[in-house]
Every structure is written in C-alpha cells, then in structure tokens.
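These notes concern the structure reproduced below.
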Amino acid sequence: MQRKNNLLRTSHIGKRNGIAMIMAITVLVIIATIMALSLSLTTQTSKRTTDLYLYEQSVLLSHSAAEYALLKMSQTAQCTLSNLNFNHGAGNLYNINVDMRYISVIGTTCQINANALGLEYTNVVTNETSGTVLMDITVTTTAGNEPIRYFRRSIQKL
Numbered sequence: 009m010q011r012k013n014n015l016l017r018t019s020h021i022g023k024r025n026g027i028a029m030i031m032a033i034t035v036l037v038i039i040a041t042i043m044a045l046s047l048s049l050t051t052q053t054s055k056r057t058t059d060l061y062l063y064e065q066s067v068l069l070s071h072s073a074a075e076y077a078l079l080k081m082s083q084t085a086q087c088t089l090s091n092l093n094f095n096h097g098a099g100n101l102y103n104i105n106v107d108m109r110y111i112s113v114i115g116t117t118c119q120i121n122a123n124a125l126g127l128e129y130t131n132v133v134t135n136e137t138s139g140t141v142l143m144d145i146t147v148t149t150t151a152g153n154e155p156i157r158y159f160r161r162s163i164q165k166l
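Heads up: the sequence shown runs through residues 9 to 166, numbered per my numbering.
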C-alpha cells in the first residue's frame, strides 16, 4: 500500500489560516517604524552638522577679525579707528562687525581724537605697551537652518 501525505491539504476547503497575514502586517509595521525613525535621525543629523559648521566658521572668523582690526589700527593714525564692518564668504555669507574702544593709550593724540569721536579714553604711561583696545566682535549669518550670531569680547595690546 502506498502512503499518502495529506499534510499540505486542508480538511476544510473554504477556510484559510490567517496567522501568516497577521505576521506579514506586523513585519511591515515594524519595518515602517524603523524607517521613519532613521529618516528623522538623518534629517536632525544633517541640520546639526550644518549649524555646527557655520558656528565653528563664525568662531574662526571672529579671531581673524580681531587680527585684521589690529592690522587696520596699525595702518591708521592712533585712536582714529572705532568701527569695522565687512562681509566674508560667497554671496556675503557672514557679516562681521568690530567695535573698538581704546582703554589706555599713551599720548595726547588719542585724547583729542577720542573727544572728537565721542570715545572713552584713559592715558597710561608704561614702557611695555603703547595702549590697549577693547574689541566687541559680532559675526552673524542666516545661511543655515537657524540664524547664527557669535559675539566675542577681546582685549588687545597695541
């Protein structure tokens, strides 16, 4: 006698087992949730990376602006320069503003120029320095997802 395998046949022709459909829907929901979370994480990471790059660039530009302001002060008459505004980057991406206040300067030239410009001054006579300037450096940009404004206050020797 021949033995017949009836495992694959259903005894009830009209009924089907629905567990496979439930498992497939569950797997699809889990995969969709994982994909949504990964997409959200990717967009947050790219936003954070762009903002971090713009912030670090602003910090470096503030240091460069302080050096540039010192160069400009050395090229002009003593205590005549009180403000610098310039832009940097393609399409003027960064706006840089440097405000200078002379704290202690040797000589009467600064006193005369400071009175004319409405600046504060104090005469200090030492051999170590020819003066000190207080710089307020502001770097702003609106290129990223959020506007970035970096402020730095620096005391520089002349």
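Beta carbons: idealized from backbone N, C-alpha and C, even for Gly.
| Item | Value |
| --- | --- |
| Between the C-alpha atoms of Val67 and Ala98, what's the straight-line distance to the nearest angstrom? | 18 Å |
| Give the single residue among Leu142, Ser48, Glu154 whose Cα lies nearest to the Cα of Cys87. | Leu142 |
| Considering only the alpha carbon of each residue, which of Gln164, Val35, Val37, Asn153 lies closest to Arg56? | Asn153 |
| Reducing DSSP to helix, strand and coil, say where Ser90 ends up. | coil |
| With three or more beta-carbon pairs closer than 8 Å as the criterion, would you say the segment 93-111 touches the segment 67-85? | yes |
| Spatial neighbours of Ile163 within its chain, please: C-beta separation below 7 Å, excluding the five flanking residues on both sides. | Thr140, Leu142 |
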